[in-house]
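No gaps in the numbering here: position 125 of the sequence shown is 130 in my numbering, and each next residue is one more.
Data first, discussion second: the structure below is written as structure tokens.
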Amino acid sequence: MAAEESTGKSSIAAVFNRAAAVYDQVGVDFFGPAGLRLVELAALAPGESVLDVGCGRGASLVPAAAAVGADGSVVGIDLAPAMIDKVNAKIAEGGLRHARAEIGDAESPNYSDDSFDAIIAGFVIFFLSDPVVAVAKYSRLLRPGGRLVMTVRLSDRREDTEIPRIVNDALLPYENEARPAPKRPRDPLGTRDGVEEVLANNGFTGVRVVDETYQARFDDPAHYWRWMWSHGARERLEKISADRLGPAREAVISALSKFARDKQLIYPIPARFVVAERA
Ligand SMILES: C[S@@+](CC[C@H](N)C(=O)[O-])C[C@H]1O[C@@H](n2cnc3c(N)ncnc32)[C@H](O)[C@@H]1O
């Protein structure tokens, strides 16, 4: 593994490790409903074996365990130990003896070929330095006819909302120019054509792209700020120096206040699900 890649991975893992306590816990319905939808699209049957890569706190792992039942099996992997602790606590609480979560890299899951009936990957593939290598690996891990279901970036779909642009504009003046956000390479799965090409080149067939929108509700603009700390957006906020963080928060809240209705915000978040079958 190249040093740069390892640094990128460990910094992403560290961000999610710090986010784990509040990830999907701040009263915003997004990762939960999207995780359920991912499982629904995987059309899991009782007795099947499932790998959930980048399982986080189990938004899709727990419903997948319910779908395959005690005769099936679900293993979740994540790079952030605190996420693994949270999901294993949930597994124990639910008595889901056929499910487990362990530390593992979504780019190179360490299991035997032909081990799984389904692989699910919710909001993780765009963190990987080489998603194409990951897709090739998933193809080998799946049995013939096995399904891959993942959420991918949507570079070719216009956002239905101004909120990300408003927040971006408000944050820019507070970011440390000496440490600009790392430029991520072009995402080969970021367009519908790209997804279809990558999957076809790696032994998948029957590719379906399903675009949906989730109406995330926020009590007020401060609630939106708290939500940013609870997921990947935290990486950007953590790069703002301590003395600028308070003013940055005020700037985001003030900009969003002009957009709020009776204090509330509704952010229609677009999500793209991709479903494919291993030939
Ligand atoms: C946005 S969260 C999604 C979590 C979960 N799938 C969900 O839908 O709520 C992204 C997760 O991917 C994990 N992650 C990022 N890069 C990873 C990698 N290379 N291998 C495994 N997990 C990774 C993070 O630690 C984090 O838990």
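Ideal placement from N, C-alpha and C gives every residue a C-beta, glycine not left out.
Give me, in chain order, the residues of the same chain whose beta-carbon lies closer than 7 Å to that of Met6; leave out the 5 immediate sequence neighbours on both sides. A caution first: Met6 carries a pLDDT of 41, below 50, which makes its placement in the model unreliable, though a value can still be read off. Taken in chain order, the list of residues that qualify is empty.
So which of Leu159, Arg241 and Tyr272 has the shortest CA-CA distance to Tyr179? Arg241
So, are the CB atoms of Ala141 and Val58 less than 9 Å apart? no
Nearest CA to the CA of Ala25: which residue from Ala48, Ile17, Gly61 and Val257? Of Ala48, Ile17, Gly61 and Val257, the smallest CA-CA separation from Ala25 is found for Gly61.
Apply the 10 Å Cβ neighbour rule to Pro136 and answer buried if 16 or more other Cβ atoms are within range, or exposed otherwise. buried
Contact the region 246-265 vs the region 217-227: 3+ CB pairs below 8 Å: yes
Does the distance from the CB of Val154 to the CB of Ala104 come in under 9 Å? no
Less than 8 Å between the CB of Ile96 and some heavy atom of ligand 1, yes or no? no
Rounded to the nearest angstrom, how far is the Cβ of Arg197 from that of Val215, given a contact under 8 Å? Their Cβ separation, rounded to whole angstroms, is 11 Å, which puts Arg197 and Val215 out of contact at 8 Å.
With a threshold of 8 Å, establish whether the CB of Glu112 neighbours any heavy atom of ligand 1. yes
Going by alpha carbons, who is nearest to Ile82 out of Leu261, Tyr116 and Gln30? Tyr116
Hey, out of Ile171, Gly195 and Thr166, whose CA is closest to Ser160's CA? Gly195
Going straight from the alpha carbon of Asp267 to that of Asp76, what length do you get? Taking the straight line joining both Cα atoms gives about 49 Å.
By DSSP's criteria, Gln269 is part of a beta bridge. Which residues make up the other side? Note: Gln269 is bridge-paired with Arg266 in the DSSP secondary-structure output.
Among Gly32, Ile124, Pro169 and Arg152, which has the Cα closest to the Cα of Trp232? Selected option, being the one with the closest Cα: Gly32.
For the alpha helix (DSSP H) containing Ala286, list its first residue and its last residue. Residue 286 lies beyond the stretch modelled for the chain, which goes from 6 to 284, so this question has no answer here.
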